[in-house]
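The sequence shown lines up with residues 909 to 1166 when you count with our numbering.
The beta-carbon is built from N, C-alpha and C at its ideal position, and this holds for glycine as well.
Here the structure is a predicted model, which is why all the values come from computation and not from measurement.
Have a look at the structure below before the remarks.
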Amino acid sequence: MNLRVFPTEQEAASSCAARIAEAVRHTPELVLGLVTGRSPLNVYRSLVALAARGALDLSRATTFNVDEFLGLPPEDAGSFRAYMDRHLFRHVNLSTERIHFFDGCAPDAEAECARYDAALAAAGGLDLLLLGVGPNGHIAFNEPGEVLTATSHRARLSRETRLSHVMAFGDDPSKVPMAALTLGMAAVLQARKVVVLAFGVNKAAAVTAMVHGPLTTRCPASLLQLHRDVELWMDTGAASGLQARTLDVARTRRDPGP
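In structure tokens, the structure reads:
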């Protein structure tokens, strides 16, 4: 893994957004995997700022979001589609037909997951996948367990994961959906490049397990050790549990924006 440690989350997010913009300039038809939650917020804000300056053109890019709550229509304020509209899609020149999302209200969850996998395969797979890592080591909504699922699937969400999303539901845990549709581990590991965001000391244990721990389904993020091109973008809080020798070789970058 290529580790990038920054003094603050904002510095990491700004530099990461510049890297994504650079990748889009190099390959305008880039297929992007996108994630929601708190971790990518500042990255999306930075991408919007770049687009406003004319430094980011997403008109030929394609996006696939990695998950969606089961049972929520796209117009629901708590849905991930609504999140993406608020924080990115409305502010950049992505073509609507190039935006791909799970249908959380599909009558047949298995058929919807198969449709999504087929659409991703038809697009040629993910060129760059942006991920967060949960405090319990989940990536997308691949939760820790005895086994992990390769293909897109319906995932039952852990209490810890549901509580991490409670702010989007008026701080009422009972309103957070119990399940979601998510990309499986095959799509994650087959992405040509994976960029993981981790900010805050509450992510330190997950980051340490991801980087130093054994490969285990109890920490899905640990399987990224098998990937040949992973960048882990952190602030010092998230990196606080890493071994000193690992931090010594980590390349701290402050890439200038375009």
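Item, Value
"Any non-hydrogen atom of the ligand MG closer than 7 Å to L1039 Cβ", "Summarising the ligand content, the structure contains no ligands, and the ligand MG is consequently not present."
"Classification of A1019 by the beta-carbon crowding that lies within 10 angstroms, buried from 16 upward", "exposed"
"L978 versus A931, C1021, S967, residue with shortest Cα-Cα distance", "C1021"
"Proximity to G1032 [Cα-Cα], best of P982, Q1098, G1012", "Q1098"
"Complete beta strand (DSSP E) runs within the stretch 1090 to 1163 (minimum length 3 residues, chain order)", "1102 to 1106, 1138 to 1143"
"Contacts around D1035, its chain only, beta-carbon distance under 6 Å, and the 5 residues preceding and following it disregarded", "L938, V939, R1100"
"Simplified DSSP assignment, three categories, for F977", "strand"
"Sequence-distant residues of its chain with Cβ nearer than 6 Å to R1064 (five each side left out)", "A1087"
"Member of L1155, H1073, F988, G1108 whose CA lies at the smallest distance from the CA of L942", "F988"
"C-beta atoms of A1146 and A1106 nearer than 8 Å", "yes"
"Classification of D1016 by the beta-carbon crowding that lies within 10 angstroms, buried from 16 upward", "exposed"
"DSSP three-state assignment for T874, whether helix, strand or coil", "Any answer about residue 874 is impossible in this case: the structure gives the chain only from 909 up to 1166."
"Distance between A1014 and R1159 (C-alpha atoms, nearest Å)", "The pLDDT assigned to R1159 is 46, lower than 50, so where the model puts this residue is not dependable, and the model offers no usable value."
"Range covered by the alpha helix (DSSP H) that runs through A926", "917 to 934"
"Unbroken beta strand (DSSP E) run spanning A1063, endpoints", "1061 to 1064"
"A1152 burial status per 10 Å Cβ neighbour count (16 or more: buried)", "exposed"
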